[in-house]
Amino acid sequence: MNDTLQSALEKAKHYCAYQERCHSEARDKLYSLGLHRNEVEQLLTQLIEENYLNEERFAIAYAGGKFRIKQWGKEKIKYALRQKRISDYCIRKALSSIPNTDYNKTFNTVAGKKLATLKSEKNIFIKKRKIKDFLQQRGFELKLINDYLKEI
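Numbering of the sequence shown is given in this note's numbering, commencing with residue 29 and proceeding in unit increments.
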C-alpha cells in the first residue's frame with residue numbers, strides 16, 4: 029500500500045472512529061481525499077473488515093439518536109436512513125430497536141405539547157388539522173395520529 033493510500037486509510041479510520049458513519053458517508057469522505065474508485069472500494073472493504081464501518085450498528089445508533097434527541101417519528105427516521113442508502117434490513121432492525129413504550133410516550137408528549145399551543149384555536153377541525161400536519165412532519169405514523177385525534 030502506497031503512502032497516499034495509507035494516509036487516506038488512517039484519516040478514514042479516525043473519521044469512522046469519531047462517530048458512527050454509514051458507508052455512503054465514508055465513501056464520500058474518501059472521494060474528498062482525492063482517491064479513485066478502485067482505491068475507495070479497497071479502503072471501504074478494509075474499514076468494514078476492521079469493524080470501523082458497520083451499517084447495522086450505524087442505523088441503530090442513528091435511529092436511536094434521532095428518536096431520543098430530536099423526537100422524530102419512525103417514518104421520518106426511515107426516510108432519513110433511506111437517504112443515506114441504508115439497506116431495508118438495517119432500517120427494519122433500527123426501527124425495531126426503539127422500544128414501543130418509549131415511542132408511545134414520546135408521541136403523546138409531542139402531541140400534548142402541540143395541543144397546548146393551540147388553546148386559543150376555537151375551530152376543532154382547524155385544531156385537528158394543525159396537530160395532524162405537525163405530527164406528520166415529525167414523522168409519526170398516520171394510524172397513530174388518527175387514533176390520537178379521535179380522542180380529542
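Where is the CB? At the ideal position from N, CA and C, for every residue including glycine.
Range covered by the alpha helix (DSSP H) that runs through residue i
{"i": "residue 113", "result": "Element bounds for residue 113: n/a, residue is neither H nor E."}
{"i": "residue 57", "result": "51 to 60"}
{"i": "residue 65", "result": "65 to 77"}
{"i": "residue 86", "result": "83 to 98"}
{"i": "residue 172", "result": "170 to 179"}
{"i": "residue 157", "result": "152 to 165"}
{"i": "residue 133", "result": "128 to 145"}
{"i": "residue 182", "result": "The requested residue 182 does not occur in the structure, where the chain is confined to residues 29 to 180."}
Pairwise C-alpha distance: residue j and residue i
{"i": "residue 37", "j": "residue 66", "result": "14 Å"}
{"i": "residue 52", "j": "residue 179", "result": "43 Å"}
{"i": "residue 142", "j": "residue 156", "result": "10 Å"}
{"i": "residue 144", "j": "residue 121", "result": "34 Å"}
{"i": "residue 134", "j": "residue 79", "result": "33 Å"}
{"i": "residue 119", "j": "residue 109", "result": "7 Å"}
{"i": "residue 68", "j": "residue 43", "result": "14 Å"}
{"i": "residue 152", "j": "residue 98", "result": "28 Å"}
{"i": "residue 34", "j": "residue 45", "result": "16 Å"}
{"i": "residue 128", "j": "residue 81", "result": "28 Å"}
{"i": "residue 59", "j": "residue 41", "result": "14 Å"}
{"i": "residue 132", "j": "residue 175", "result": "12 Å"}
{"i": "residue 70", "j": "residue 124", "result": "32 Å"}
{"i": "residue 117", "j": "residue 32", "result": "35 Å"}
Cβ-Cβ distance between residue i and residue j below 8 Å
{"i": "residue 160", "j": "residue 172", "result": "no"}
{"i": "residue 55", "j": "residue 72", "result": "yes"}
{"i": "residue 87", "j": "residue 126", "result": "no"}
{"i": "residue 10", "j": "residue 168", "result": "No statement about residue 10 is possible, as the shown extent of the chain runs from 29 to 180 and does not include it."}
{"i": "residue 96", "j": "residue 138", "result": "no"}
{"i": "residue 63", "j": "residue 39", "result": "no"}
{"i": "residue 94", "j": "residue 105", "result": "yes"}
{"i": "residue 48", "j": "residue 107", "result": "no"}
{"i": "residue 158", "j": "residue 170", "result": "no"}
{"i": "residue 83", "j": "residue 50", "result": "yes"}
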